[in-house]
Amino acid sequence: MANMVTPEDIQAGRMFPPIIELREIAHKIAVELTTKAFNDGIAQYHPEPLDKEAFINANTYDPAYVDFTPDYYDWKKE
């Protein structure tokens, strides 16, 4: 994470990147860790994904939920 701190972050007095960038930074770290695990022969997932970024994207939790409620309710008059 240290190499993801920009000069602007340091100038603003931050030791870490802004929290708004957390998801993007976590993705970059996951790709780097996955690459290192395969290079070091300690990965437990096989075969090695050809596109590690796509692999991480496909296996990353997305907190967005689909809205299942209808936009319009057709209430019948009694």
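The numbering of the sequence shown is the working numbering, which starts it at 380 and goes up by one.
Backbone N, C-alpha and C define an ideal beta-carbon position, used for all residues, glycine too.
From the listed residues 409, 389, 394, 395, the smallest Cα separation to residue 434 is found for 409. In this structure, residue 396 lies near residue 385, with their beta-carbon atoms less than 9 angstroms apart.
Along the length of the region 409 to 439, whole alpha helix (DSSP H) runs at least 4 residues long occupy 431 to 437, reported in chain order. Straight-line spacing of the CA atoms in residue 428 and residue 440 works out to 18 angstroms.
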